[in-house]
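Heads up, the sequence shown is in my numbering, so the first residue is 8 and it goes up one at a time.
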Amino acid sequence: MRRTISVLVENEAGVLARVANLFSGRGYNIDSLNVAETLDPSISCMTIVTHGNDPIIEQITKQLHKLINVIRVTDLTESEHVARELVLIKVATDASTRAEVLRLVDIFRGKVVDVTPRSFTIEVTGGESKIEGILNLLKPLGIKEIVRTGKVAISRGN
Numbered sequence: 008m009r010r011t012i013s014v015l016v017e018n019e020a021g022v023l024a025r026v027a028n029l030f031s032g033r034g035y036n037i038d039s040l041n042v043a044e045t046l047d048p049s050i051s052c053m054t055i056v057t058h059g060n061d062p063i064i065e066q067i068t069k070q071l072h073k074l075i076n077v078i079r080v081t082d083l084t085e086s087e088h089v090a091r092e093l094v095l096i097k098v099a100t101d102a103s104t105r106a107e108v109l110r111l112v113d114i115f116r117g118k119v120v121d122v123t124p125r126s127f128t129i130e131v132t133g134g135e136s137k138i139e140g141i142l143n144l145l146k147p148l149g150i151k152e153i154v155r156t157g158k159v160a161i162s163r164g165n
């Protein structure tokens, strides 16, 4: 089962390495990882997407709590939260495919952020299913490159 874990950490050198080492040292995989400062520049928020059953996630959470510089660990999977991902997609275009690409961008509420004679670069934000949906529809038209941010998530309410 895929799980989304939010980790508040002190914004200091080496914290990311310690978290990554915790996962690799125990044979757990990180599916996506996003880290950025919070409103307080001395604190960063990590959004980690991993997979595992309840005992594995409980073990990961306990081990994260033991790390120096970790302030709070929250498994957002079971609680109400908002999650988004951003993807930049470079699509090969020509006169015969430009209209179709623009139609798909409009349907998925994306933006064309760069245009060249032979390609469009598209920005799309949303949940994982939305991102996968547009990627599946653009593949036959000729995706040249994609870059994804990984998931960012925040709990709802207080």
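Note that beta-carbon positions come from the ideal geometry of N, C-alpha and C, so glycine has one too.
- Annotation: the continuous alpha helix (DSSP H) that includes E139 extends over E135 to G149.
- Counting C-beta pairs with one atom in each stretch, the region 55-70 and the region 109-122 have fewer than three that are closer than 8 Å, which means they do not touch.
- A160 is positioned such that its CB atom lies no closer than 9 Å to that of T45.
- Taking all protein chains in view, the Cβ of V154 is surrounded by fewer than 16 other Cβ atoms within 10 Å, so the residue is classified as exposed.
- Counting of Cβ neighbours within 10 angstroms places V120 among the exposed residues, the total staying below 16.
- As a beta-bridge residue in DSSP terms, F127 pairs with V98 and V122.
- Between L40 and L71, the beta carbon gap of about 13 Å keeps them out of contact (Cβ cut-off 8 Å).
- The shortest CA-to-CA distance from V131 to any of I141, C52 and A24 is the one to I141.
- Distance between T156 and Q66, taken at the CA atoms: about 26 Å.
- For R79, the closest alpha carbon among the candidates G149, L15 and R9 is that of L15.
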